[in-house]
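Below is one structure; the comments refer to it alone.
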Amino acid sequence: MKIVATYDFNGGKFAVKNKYETELAQVTSVINSIDARLYKTKESTEKTMMGKMLFSPIELNKAFKREFAKPEHGEWSNYKVLCDYTYGEYTQEYVKPRNTRGKPFRDMDFVKQNKKIGIEVQFGKYAFMVYNVCAKMTIFSKMGIIDTGIEIVPVKNFADEMSTGVSYFEQFAWDLAHRGTSNIDVPVLILGIDI
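This is the structure we're talking about:
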């Protein structure tokens with residue numbers, strides 16, 4: 107795969123290039139090392155694409171996890187924080203849910219040890235892209251875990267070869283540009299990737 111587009115959200119391009127040049131080179135190396143053609147493994151069951159072979163977002167995410175973990179790419183890892191919903195003013199009327207399977211958490215796809223840069227790879231619905239940049243990265247910044255982010259998303263050409271509903275760089279960048287920035291937003295470099 108390759109990076110074919112970038113969008114600078116809240117000074118993300120400047121922040122990444124000036125503070126995390128080595129990490130950006132590692133991210134670029136990861137993207138370039140993945141042969142997306144190996145992950146065109148999902149047979150569509152959608153009416154409009156019945157039987158067509160599509161790229162599998164699940165398999166693409168697994169490929170990113172494998173590559174980011176490799177020493178030659180800097181050994182990035184997932185970062186998870188547990189959520190404790192049982193304290194604070196917002197839980198005064200809180201009733202513990204009956205379902206207690208697992209502990210709730212938030213996680214960042216990839217964080218570099220001793221660095222404050224977080225990466226999210228998103229091949230999902232539009233709402234997840236917005237959540238990553240406008241909420242999750244802000245939360246992780248407020249917790250002191252990151253100060254800058256990179257969001258990796260497909261461009262429309264690539265997303266068109268996935269199931270319907272997968273969002274894409276062009277739409278995401280347009281919306282961020284028209285949303286504007288807030289004083290709580292983290293600098294994020296959005297990378298649009300293609301096959």
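Throughout, my numbering is defined as the position within the sequence shown, counted from one, plus 106.
Think of the CB as a built atom: it goes at the ideal place given N, C-alpha and C, for glycine as much as any other residue.
Just so we're clear, the structure is a prediction, and the values are computed from it rather than from any experiment.
Collapsed DSSP secondary structure at residue i in the structure displayed
i, result
"Ser-273", "coil"
"Asn-116", "coil"
"Asp-281", "helix"
"Val-292", "coil"
"Phe-66", "Residue 66 cannot be examined here, being either before or after the span of the chain that is shown, 107 to 301."
"Lys-248", "helix"
"Glu-152", "coil"
"Gly-159", "Before going on, a small fix: residue 159 reads as Met here, not Gly. Three-state DSSP puts Met-159 in a strand."
"Lys-176", "coil"
"Ile-109", "strand"
"Ile-299", "strand"
"Glu-267", "coil"
Straight-line Cα distance separating residue j from residue i
i, j, result
"Asn-116", "Tyr-274", "19 Å"
"Ala-279", "Ile-296", "8 Å"
"Asn-263", "Ile-290", "32 Å"
"Arg-212", "Met-156", "35 Å"
"Gln-219", "Val-187", "15 Å"
"Ala-142", "Val-217", "23 Å"
"Thr-154", "Asn-238", "30 Å"
"Val-122", "Pro-163", "26 Å"
"Val-294", "Pro-260", "16 Å"
"Tyr-113", "Gly-286", "13 Å"
"Glu-127", "Lys-119", "10 Å"
Test item: CB-CB of residue i and residue j under 8 Å
i, j, result
"Ile-299", "Met-107", "yes"
"Gly-180", "Glu-129", "yes"
"Leu-160", "Ser-150", "yes"
"Lys-222", "Thr-254", "yes"
"Val-133", "Phe-170", "no"
"Gly-224", "Met-235", "no"
"Ile-140", "Glu-173", "yes"
Boundaries (first-last residue) of the beta strand (DSSP E) holding residue i
i, result
"Thr-254", "254-260"
"Lys-186", "183-188"
"Val-217", "211-217"
"Val-227", "223-227"
Bounding residues of the alpha helix (DSSP H) (the contiguous stretch that carries residue i)
i, result
"Asn-138", "127-139"
"Tyr-237", "232-237"
Heavy atom of the ligand NAP within 7 Å of residue i beta-carbon
i, result
"Glu-165", "Only the bare structure without any ligand can be found here, which leaves the ligand NAP out of the picture."
Expected contact under 8 Å - CB spacing of residue i and residue j to nearest Å
i, j, result
"Val-272", "Gly-230", "7 Å"
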